[in-house]
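Student: Here the sequence shown is numbered in the numbering used here, starting from 7 and rising by one per residue.
Mind looking over this structure? Questions follow.
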Amino acid sequence: MFSRESLEYLIGLAKNEMVEVNGQIYSTKRLNQVQDPIPAELRTRTLTALIDYLESETDKKSSEKLLVHVISPNKVALYSELRKDAERETYMICDALTPDNIYFDRFIDTEQFNIMLQSSFIENKDRGLLLKVTGCVKDSAVKEIGDDGVSQAATIKTGVASVNEVKIPNPVVLAPFRTFPEIQQPESKFIFRMRSGPQAALYEADGGAWRNEAMRRIKAYLEEELKGIQNINIIS
7 MFSRESLEYL IGLAKNEMVE VNGQIYSTKR LNQVQDPIPA ELRTRTLTAL
57 IDYLESETDK KSSEKLLVHV ISPNKVALYS ELRKDAERET YMICDALTPD
107 NIYFDRFIDT EQFNIMLQSS FIENKDRGLL LKVTGCVKDS AVKEIGDDGV
157 SQAATIKTGV ASVNEVKIPN PVVLAPFRTF PEIQQPESKF IFRMRSGPQA
207 ALYEADGGAW RNEAMRRIKA YLEEELKGIQ NINIIS
């Protein structure tokens, strides 16, 4: 049998008392907040899916105001406004589906390089020039001109029986598929290099400025497409 004192002690453990110390309120027990139900986020691949979801008003949301956050060139999220517990609900995450055969900062053979350019880069003047150079390399003889580490030359076929030595362009301006397909892919500068093999490589040369431009374009695109919805704020 428990003594009276033991029972009173156990009952006292269940009580939660509020104590004021130096103007601050403390409780004698840790309190756990009862969380409201949180909806599972939707995962999509396109900006079109986000627009369709918002325009359809499929789900009744607890938040009167919505926040669209352009997190990166290939990620956009839809959030609620801050709740009473200072948390946000995540309604949707959009992850862009981009090509997986784009290689920077390393050399690859010219056949693979040509396939990459044709399948994963927007057609422009410099892309065509690179395809001409790498597609017509006669042999593995690629040499540097001077000692600046920039200019190079390669021997390429210019006819059925003739060859010419051409200067390789540098830098080049290209537009890989690096963000959502709904927006115009931003162009940026690349350092183009070749070496014996023959092999070719691209190195980003804009300091990542294309990312800011892509995010700006995503924000502008969403602002235009969602201008009929008043309770949405878009940030990037």
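For glycine and all other residues, C-beta sits at the position ideal for the given N, C-alpha and C.
1. Which residues mark the beginning and the end of the alpha helix (DSSP H) in which Lys131 is found?
2. Provide the residue span of the beta strand (DSSP E) that contains Lys225, from first to last.
3. Quick one: what's got a C-beta closer than 6 Å to Asp65's C-beta in the same chain, skipping five residues either side?
4. Who pairs with Met6 in a beta bridge, going by DSSP?
5. When you compare each of Ser242, Lys138, Gly213, Trp216 to Ala226 by their alpha carbons, which one comes out closest?
6. CB Arg199 to CB Ile174, shorter than 9 Å?
7. In chain order, what residues of the same chain lie with their CB nearer than 8 Å to the CB of Met221, ignoring the 5 residues before and after it?
8. Spatial neighbours of Glu63 within its chain, please: CB distance less than 7 Å, with the 5 preceding and 5 following residues excluded, ordered by chain position.
9. Using CA atoms only, rank isn't needed, just tell me which of Gln30, Ile31, Leu53 is closest to Phe186.
10. Would you mind working out which of Asp91, Val74, Arg201 sits nearest Tyr85, comparing C-alpha positions?
Tutor: Reading off the structure:
1. Here residue 131 refers to the residue found at position 125 when the sequence shown is read from its first residue. Counting along the chain, the alpha helix (DSSP H) containing Lys131 begins and ends at 131-141.
2. Translated into positions along the sequence shown, residue 225 becomes position 219. First-last for Lys225: 215-231, but that is the alpha helix (DSSP H), not the beta strand (DSSP E).
3. In the sequence shown, residue 65 corresponds to position 59, counting from 1. Nothing meets the Cβ criterion.
4. Absent from the model: residue 6. The displayed extent of the chain is 7 to 242, so no value can be given.
5. Working through the sequence shown from its first residue, we reach residue 226 at position 220. Answer by Cα proximity: Ser242.
6. As a working note, residue 199 is residue 193 in the sequence shown. As a working note, residue 174 is residue 168 in the sequence shown. In this structure, Ile174 lies closer than 9 Å to Arg199 by Cβ.
7. Residue numbering aside, residue 221 sits at position 215 when the sequence shown is read from its first letter. Same-chain partners within the cutoff: Val76, Ser78, Pro79, Ser242.
8. Residue 63 sits at position 57 when you count from the first residue of the sequence shown. Within the same chain, no residue comes within 7 Å of Glu63 by CB-CB distance, once the 5 residues on both sides are set aside.
9. On the sequence shown, residue 186 is found 180 positions in, with the first residue counted as 1. Among Gln30, Ile31, Leu53, the Cα nearest to that of Phe186 is on Leu53.
10. In the sequence shown, the residue the question calls residue 85 occupies position 79. Minimum Cα distance to Tyr85 is reached at Val74.
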